[in-house]
Structures are given as C-alpha cells and as structure tokens.
Amino acid sequence: MRALTVVPRRAGSLALTEVPDPVPGPGDLLVESVAVGVCGTDREVVSGDYGYAPPGRERLVIGHESLGRVRQAPAGSGFSPGDLVVGLVRYPDPVPCVACAHGEPDMCRNGRYTMRGLKELDGYASEMWSVETDCAVRLDSGLGETGVLLQPASVVAKAWEQIEKIGTRSWYEPRRVLVTGAGPFGMLAALLGVQRGLDVHVFDFVKGGPKPALVADLGATYHTGWIEDVVTALKPDVVVEACGAAEVFTGTLSAIGPYGIVCLTGVTPSSRRITVDVGTLNREMVLENAVVIGTIDSNLRHFTAAAGSLAVSNRDWLARLISRRVPLHSYAGAYERRENEVKVVLTFG
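Given below as structure tokens:
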C-alpha cells in the first residue's frame, strides 16, 4: 500500500512510498483512511525540523490527525465495519511514569512517550492503518470528512478542562473568553467556548478571507489591530492563546483581568525574541490572582469529549473550516502555506 513517509530531520525527504500492509493484532482495528489533517507540526516534520523514526527504521510514516472507516474489528470490541474512527496520537512510555500509568500520556513526566506520525511510531498518512481498540474513538457517522477535526478539537477540549479545573480553586463563573489566533485550534477553542455559553471573542492579524465570517457565524466577535487594546477593552476572564506569536502572548498578560486565566496552546518560534518587563508582569499577576498555564496534546478522555462536541456542532460550519482538500497523489501541495487558509486535509480514495 502507499504511505507518505519522511526520513526524519532530513529536508526534502517527503515521498509517497510503498510500505507493507498493516497486520492487525487480535485486539486491533484494521482501518481504511478517509483523510489526514495537516498542521504546523506536520510541516516541521516535512521540512526536517522534527521527527523520530521507529527504532531500526530510516523512514517514518507521517500524519497524526487521522480519520478512517473500520474495515475489520475484533468480535466484542464495540466497533463494527463501516464505523468512522480516529486514532489517538500520544502513547504512554514503557516505564511507565505516574501520569502514563494513570492513562494520561499527554502529561508524561519523563519524555519517553511515543507519538504516531511524529515520534517513533508510524502515523496515519497511509491507505490503511491498524490501531488498538482502546486507542480509537468512534465518531458520529454524520460528521463525514469533518471528523478529521477531532484531534485538534481534542487538544482544545483538554485546554478547556485545564482552565475549568484551575478556575474552581475559588468561586468561578467566567463570562467572557478571548481566543487569540483564528486557525484550526483557535476556531475550535471558540466553538467550545460558545458551547459553554460564554461571550466569545477571537483575535487575529488577518482582516480578510473566511475567518471573520466563520467567527461571526459561530456567534462570536472578531477583532484585529493591537492585542493590548483588545484585551484592555474586553477584560476577558479567560484567554486561550492559539497563535504562538510572542507579542500576542505578552499583550494578553499585560492586561488580563482579575482572577484571569491564560491558557497557552500555541508554540512560539524559538528564534523570536522580545523584551518584557518581568518585574511589572510578576506584580500584576500576583496582585490579580492571575494564572498562566501551558497545555499540549490530549488523551482518550479529551478525544471522547471532543467527539461529543463535534457531534452537536453545525456540520456546515465545520465543513467551512476545511479550506483545501488535496488528493494523496498531489501530496506535496498539502504542505505549502497559503494565505487565508484555516485547515488543509489530505484525502484518500
């Protein structure tokens, strides 16, 4: 069968190659690919900036945002042929650490976790794949191709879970949330905020294209301009930072309201440096009981929660998040950045 593979840390190595068909174990699903999402991390793998091949192998099958249909399922597994499913990404380390032992490899303490399509495990960008039944999540069949949004939705489901847990350290009734960045993570974070009944605002640098209308149709408010002005005017109870821009991060911290929570989901490039008055920042955060947290990846609980959120979402709105669909044979174009795109997916079949 065909699969998209790279030699990790080698730029220009992306290729559509022949690999052996998966051989599912007695407790595994055999799945036929429908689509694979493309994100910034995938582009880093393709450009040679990140990635680890399975032990003893040169090439890695990429793709961690999966969507497929079950072709074969073990008896009594709860899955059936034809089910729409997504596979988990992060797997526990072999020790395991205390977090991995409790089913939370996204909180791994020793860094020995593995990740499909990224770190020592083949991913999902192949015509077929296998996955353990306890590492797969069934989706509402009506989601169709938009089910490929489940993995990024699971990451923001975890972000909201963390926000709400921290909020309950005292009386907590948030009303307004600001999401910075209107990419896939930002849009899905805004969706989950709307579903929580919050007054949702989204900030992005882009003034045109599909993003303002997507936010408006969600029932949220779109903002551009200077982030400091937006935060000062809104005084949000919660900020979900989903763009990874250093100036946006510092801008939100400078004006977050009392008891505010800033949740960081975007990763700032290491080469980007700005000057910050740490002393004033420290004083304001202490006096306002403010909290800044970072979060990355997700576990089965978050995938399941996100599947529920997508199931009750407007299907047309979800479909509009997918800006471009690229067939497998034209794979190279999927990893090109284009203006005003939200989500790019590779399609199979």
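Remember, our numbering sits 104 above the position in the sequence shown when you count from 1.
Beta carbons: idealized from backbone N, C-alpha and C, even for Gly.
**Asked** Considering only C-alpha positions, which residue in the set 366, 408, 403, 402 is nearest to residue 393?
**Response** 366
**Item:** Straight-line Cα distance separating residue 195 from residue 220
**Value:** 8 Å
**Prompt:** Who are residue 266's beta bridge partners in DSSP?
**Reply:** For residue 266, which the question treats as bridged, DSSP gives no partner whatsoever.
**Item:** Runs of beta strand (DSSP E) wholly within the stretch 326 to 362 (minimum 3 residues, chain order)
**Value:** With a minimum length of 3 residues, the unbroken runs of beta strand (DSSP E) contained wholly in the stretch 326 to 362 fall at 342 to 345.
**Item:** the stretch 187 to 204 / the stretch 235 to 250 touching (three or more Cβ pairs under 8 Å)
**Value:** Taking 8 Å as the limit for Cβ pairs, the verdict is that the stretch 235 to 250 does touch the stretch 187 to 204.
**Request:** Quick one: grab the DSSP three-state call for residue 236.
**Result:** strand
**Request:** Have a look at 224, 200, 208 and flag the residue whose alpha-carbon is nearest the alpha-carbon of residue 160.
**Result:** 224
**Request:** Kindly indicate the opening and closing residues of the alpha helix (DSSP H) around residue 387.
**Result:** 382 to 391
**Message:** So the candidates are 199, 346, 411, 395; which of them puts its Cα closest to the Cα of residue 270?
**Reply:** 395
**Prompt:** Beta carbon of residue 163, beta carbon of residue 127: below 8 Å?
**Reply:** Against a cut-off of 8 Å, the Cβ pair of residue 127 and residue 163 comes out as no contact.
**Prompt:** Thinking C-alpha only, which one of 370, 416, 363, 368 is nearest residue 391?
**Reply:** If we check each option's Cα against that of residue 391, 363 comes out closest.
**Asked** Where do the N-terminal and C-terminal ends of the beta strand (DSSP E) with residue 412 fall, by residue?
**Response** Careful: residue 412 lies outside any beta strand (DSSP E), inside the alpha helix (DSSP H) at 404 to 415.
**Item:** Counterpart residues of residue 284 in DSSP-defined beta bridges
**Value:** 307, 345
**Message:** By the DSSP assignment, the alpha helix (DSSP H) with residue 145 in it spans what residues?
**Reply:** 144 to 150
**Prompt:** Starting from residue 315 and walking both ways along the alpha helix (DSSP H), at which residues does that stretch end?
**Reply:** 315 to 322
**Prompt:** Whole-angstrom Cβ separation of residue 342 and residue 355, contact assumed at under 8 Å?
**Reply:** Actually they do not touch by this definition, with Cβ atoms about 15 Å apart.
**Prompt:** Between which two residues does the beta strand (DSSP E) containing residue 423 stretch?
**Reply:** That residue, residue 423, is in no beta strand (DSSP E); its alpha helix (DSSP H) goes 419 to 425.
**Item:** Own chain, CB closer than 7 Å to residue 257, minus 5 neighbours either side, in chain order
**Value:** 292, 410, 413, 414
**Message:** Just list the residues that DSSP pairs residue 132 with in beta bridges.
**Reply:** 236
**Asked** According to the Cβ coordinates, are residue 145 and residue 254 closer than 8 Å?
**Response** Cβ distance not < 8 Å, so residue 145 and residue 254 don't count as in contact.
**Message:** I need the straight-line Cα distance from residue 188 to residue 246, nearest angstrom please.
**Reply:** 9 Å
**Message:** Here's a check: name, in chain order, each residue in its chain whose Cβ is nearer than 8 Å to the Cβ of residue 422, leaving out the five neighbours to either side.
**Reply:** Excluding sequence neighbours, residue 422 sits near 247, 250, 253, 414.
**Request:** Identify the continuous beta strand (DSSP E) that holds residue 204 and give its terminal residues.
**Result:** From DSSP, residue 204 is part of no beta strand (DSSP E) but of the alpha helix (DSSP H) over 202 to 205.
**Item:** Span of the beta strand (DSSP E), counted from its first residue to its last, around residue 119
**Value:** 119 to 122
**Message:** On the DSSP bridge list, what partners appear for residue 398?
**Reply:** 368
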